[in-house]
Amino acid sequence: MQVFWMIWGGAVVGILLLASWIEINGARNGFLGANGIFLFTSGYLTVFSSPILFVVTWIWSSFLTALLVWVTGAIVYAALFALMLQVIDRLTRKPS
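Under our numbering, the letters of the sequence shown match residues -2 to 93, in that order.
Structure representation (structure tokens):
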């Protein structure tokens, strides 16, 4: 079960890092248009993949374990997402 959680968590963090890297490069190169679309999409991918995490954990473990993993994952992802927004803001801020 831990291997499944690690693979899922690694994939989610990898998607978040890739989206953040795309956003940082785009902001540094001055693209115009839908700023944040990749970061927004990474959040959607995580939200839509979380029921899979919940169901598989429920089948292999228990409902309580699935609920705890799901809530913990949501809290950790929200914290990582907020942290990445701060990092992107600092890296793309122009010196005054």
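Where a beta carbon is used, it is the ideal one built from N, C-alpha and C, also for glycine.
When secondary structure is reduced to three states using DSSP, P48 falls in the helix class. Its chain contains I85, L88, T89 as the residues whose beta carbon lies nearer than 7 Å to that of I21, once the 5 sequence neighbours on both sides are disregarded; these appear in chain order. By the beta-carbon neighbour count (other beta carbons within 10 angstroms, threshold 16), W18 is exposed. The alpha carbon of L65 has as its nearest neighbour, out of A16, S47, G11, the alpha carbon of S47. Fully contained in the stretch 23 to 88 are the following alpha helix (DSSP H) runs of length 4 or more, in chain order: 34 to 57. L42 and Q(-1) have their alpha carbons spaced roughly 21 Å apart.
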